[in-house]
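Have a look at the structure below before the remarks.
2 protein chains.
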Amino acid sequence: MTNNDTEKEQLSQIRDEIDAIDSEIQALISRRAECAQKVADIKTQGGKVEAVFYRPEREAQVLRAVKERNKSLISGDDMARLFREIMSVCLALEQPIKVAYLGPEGSYSHASVLKQFGSSVHPYAVSSIEEVFQSVEKNEANYGLVPVENSSEGIVKQTQNELISTPLKISGEVSLVIHHCLLSQADHIDDIKKVVAHPQALGQCENWLKNNMPTVQIEAVESNALAAQMAQKDASLGAIASEQAAQLYELKTLETHIEDRKDNTTKFWVLGSEETEPSGDDKTAMVIAMPNKAGALLSVLSSFAERDISMTRIISLPSSETKWDYLFFIDVIGHQKDEGLMAAIKEVQQKTSFFKLLGSFPVSPLS
Amino acid sequence: MTNNDTEKEQLSQIRDEIDAIDSEIQALISRRAECAQKVADIKTQGGKVEAVFYRPEREAQVLRAVKERNKSLISGDDMARLFREIMSVCLALEQPIKVAYLGPEGSYSHASVLKQFGSSVHPYAVSSIEEVFQSVEKNEANYGLVPVENSSEGIVKQTQNELISTPLKISGEVSLVIHHCLLSQADHIDDIKKVVAHPQALGQCENWLKNNMPTVQIEAVESNALAAQMAQKDASLGAIASEQAAQLYELKTLETHIEDRKDNTTKFWVLGSEETEPSGDDKTAMVIAMPNKAGALLSVLSSFAERDISMTRIISLPSSETKWDYLFFIDVIGHQKDEGLMAAIKEVQQKTSFFKLLGSFPVSPLS
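See below:
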């Protein structure tokens, strides 16, 4: 046999092995789907129609288990993504999940819906954050997904405002890494005389610009979208924006991933009508206001600290009503059903003039 | 035990079963990844660097086998999609695949890249069809994906023109179903006085419009994108366009899937530098020109018909060069290595003044 023949034979053997593995995987996925069907049957037995099929805490537990036991050549994140898809297909057999999201800015929100629910979800685009809340409140959608915070633009105020009054509960969190690209009409970096972008984006790409375009002029503009629009009209300009903006504004993507730090993320929350049960690794979000008195915030924070409850975020927002000067959005580690957190919450309620629990939800297993 | 307790216990048992199944699936996916790694090792043994890892014919065979043996609650298409993802992750371990596609029109081309190569592909947006060809020809991308034909707008001439001279081969086909939506600034269908869209789109939604908006005025405009722009400026207008256009133009999606026929598709071809081997169910595409003589085309077609070779498409395109009046793009069933087709091709070459084989490639197993 020639070398070529040996290679062919080796490949053919491995392919047979792969085919056998695929058969087994397929049989197991089928069995998993049957189990999902049984779950649906049990939940609807006796004619119950209000059964809840999507359990965020259960999904988080499954994905965490996948990552924990992973010893594959495939990364834990990729493996979790595959199981995210398998679960999504199985869940769709029980009940198709419709998730409302903010349409205009488009693909980041859309991508986050797919990341959280898998490809078998029904994404439902609406045109404002208010409408995302409304469509879940009116049962037009099972869940809603809203942007909460964004490394480049900070807090999304509309979301925070809606959270103050909504009857909905936060049932999950999703983070999406946002990559910056250098976009232009020009064919080459060398043809670019000036780079335009939002100041935050310029800051995030500072080192890259210094190293790769040391002599270029730099100008801050209102938004990256505006920068892309400017670059569309002037081939001597380069804009820093998303890959999606390249498509929207018909620009060439000269470089991708030019951000200095790779943790440029946007954070989203999933909103639903139901409380989420503990998953073993959860966060709890709340919004509070305090009587206008020195040390009030400190006293609240100590209720958590004394019980070793970590705070992951505290955001102050000037209140639009006159009743309070400031509202504080606080996220802590733990579930509201945990004993310690339950006690802390009780105490904080006494210390505040306004207190609203926004929900307990699993820490996202998907990075 | 109460009913509720029984239900809880039943659910807990099934969840344990699902967890056990997941463990097995994960172990098998890991084994599959190891096999993929072995394939890569064999292909690169002896220091070969030009090894080809992506085999379109092999991928098509695997997906067809998945669909054929599928007896699951999960549909064959969904099951194939899951395996598409598993293969994509495994392939990325051997070699990350970079696929150039036409950026501006955005998400349909992008969605097709993901549909064909799975989520672990590196999509690479460029700004013209010409550039898609160039980036593969220059080895900046492993493959390119170009639109070929579109139910609403017909043949994509730029693609056909590039195909005449490119050294690249067609290595695959992808079809994407395009859904029409009714978009507007208005909140309700009843508030819409006039519906605007491209004539093709109006035709495709004719019955829906008659049944659901019998008294509405209808106006044809140049493109669906223009219709969406008009609707953005006038809340009494409804536009027929894609869900993506709703995001782009900040319109509300009042209805989805309003097309009368559900086969409104856009067809794409994948271009690569290599010939694709037979997969068992293939198509072959070619472009020909004939001496200006009566019966020339008929004679060519009979070379195929006599051998029972089915033609799936024939498109005539006025030539941009003066040498020929018309070029014909012909797709037939079969692989160029099939005996019958090989003989037919030999014969056709004698009868034509210009003949170019564009490639043989698997009939797409993904609907």
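Respectively, the protein sequence lines represent chains C and Y. Per the working numbering, numbering of the first sequence is gapless, rising by one per residue and ending at 367. Per the working numbering, numbering of the second sequence is gapless, rising by one per residue and ending at 734. Quick reminder that beta carbons are idealized off the backbone N, C-alpha and C, glycines included.
Within the DSSP bridge table, the entry for residue 726(Y) names 652(Y) as partners. Residues of the region 197-211 of chain C with a C-beta less than 9 Å from any C-beta of chain Y: none at all. In the DSSP assignment, the residues bridged to residue 700(Y) are 650(Y). The beta carbon of residue 78(C) sits closer than 7 Å to some beta carbon of chain Y. Within the region 128-151 of chain C, no residue has its Cβ closer than 7 Å to any Cβ of chain Y.
Relative to residue 483(Y), the option among 598(Y), 590(Y), 497(Y) and 464(Y) whose CA is nearest is 464(Y). Counting other Cβ atoms within 10 Å of its Cβ, residue 678(Y) stays below 16 and is therefore classed as exposed.
For residue 399(Y), the neighbours in chain C by C-beta distance under 8 Å run, in chain order, 18, 21, 22 and 25. When secondary structure is reduced to three states using DSSP, residue 205(C) falls in the coil class, being assigned neither helix nor strand. Short of 6 Å from the beta carbon of residue 715(Y), and not among the five residues preceding or following it, lie these beta carbons of its own chain, in chain order: 667 and 670.
Neighbours of residue 69(C) across chain Y, judged by C-beta separation under 8 Å: 390 and 393. In this structure, the alpha-carbon of residue 406(Y) lies about 36 Å from that of residue 697(Y). For residue 253(C), the C-beta contacts it makes with chain Y under 7 Å involve 492, in order along the chain.
Rounded to the nearest angstrom, the gap between the Cα atoms of residue 462(Y) and residue 73(C) is 13 Å. Residue 367(C) and residue 77(C) have their C-alpha atoms roughly 7 Å apart. Counting only Cβ-Cβ distances below 7 Å, residue 38(C) has contacts in chain Y at 381, in chain order. The CB of residue 378(Y) comes closer than 7 Å to the CB of 39 and 42 in chain C, given here in chain order. Under the three-state reduction of DSSP output, residue 113(C) falls in the helix class. In this structure, the CA atom of residue 283(C) is about 17 Å from the CA atom of residue 63(C). Membership of residue 297(C) in the alpha helix (DSSP H) is indicated by the continuous run 296-305.
For residue 485(Y), the secondary structure class from DSSP, reduced to helix, strand or coil, is coil.
Rounded to whole angstroms, the Cβ separation of residue 530(Y) and residue 725(Y) is 6 Å, and the two are in contact under 8 Å. Residue nearest to residue 580(Y) within the set 488(Y), 467(Y) and 606(Y) is 606(Y) (criterion: CA-CA distance). Using a 10 angstroms sphere on the CB of residue 400(Y), the tally of other CB atoms reaches 16 or more, which defines it as buried.
Secondary structure within the region 489-538 of chain Y: the alpha helix (DSSP H) runs of 4 or more consecutive residues, fully enclosed, are 496-504 and 524-532 (chain order). Ranking 732(Y), 574(Y), 532(Y) and 584(Y) by CA distance to the CA of residue 557(Y) puts 584(Y) first. Take the alpha-carbon of residue 681(Y) and the one of residue 695(Y): they are about 7 Å apart. The Cβ atoms of residue 549(Y) and residue 453(Y) do not sit closer than 7 Å to each other. Taking C-beta separations shorter than 8 Å and ignoring five residues to either side along the sequence, the partners of residue 236(C) in its chain run 186, 191, 192, 193 and 194, following chain order. By the Cβ-count criterion, residue 224(C) is buried, with 16 or more other Cβ atoms from all chains shown falling within 10 Å of its own Cβ. DSSP places residue 186(C) in no beta strand (DSSP E); its state is neither H nor E.
Judged by beta-carbon spacing, residue 363(C) lies within the 7 Å limit of residue 281(C), meaning their Cβ atoms are closer than that value. For residue 638(Y), the closest Cβ of chain C is not nearer than 7 Å. Straight-line spacing of the CA atoms in residue 25(C) and residue 421(Y) works out to 22 Å.
No Cβ-Cβ contact shorter than 7 Å links residue 455(Y) with residue 479(Y).
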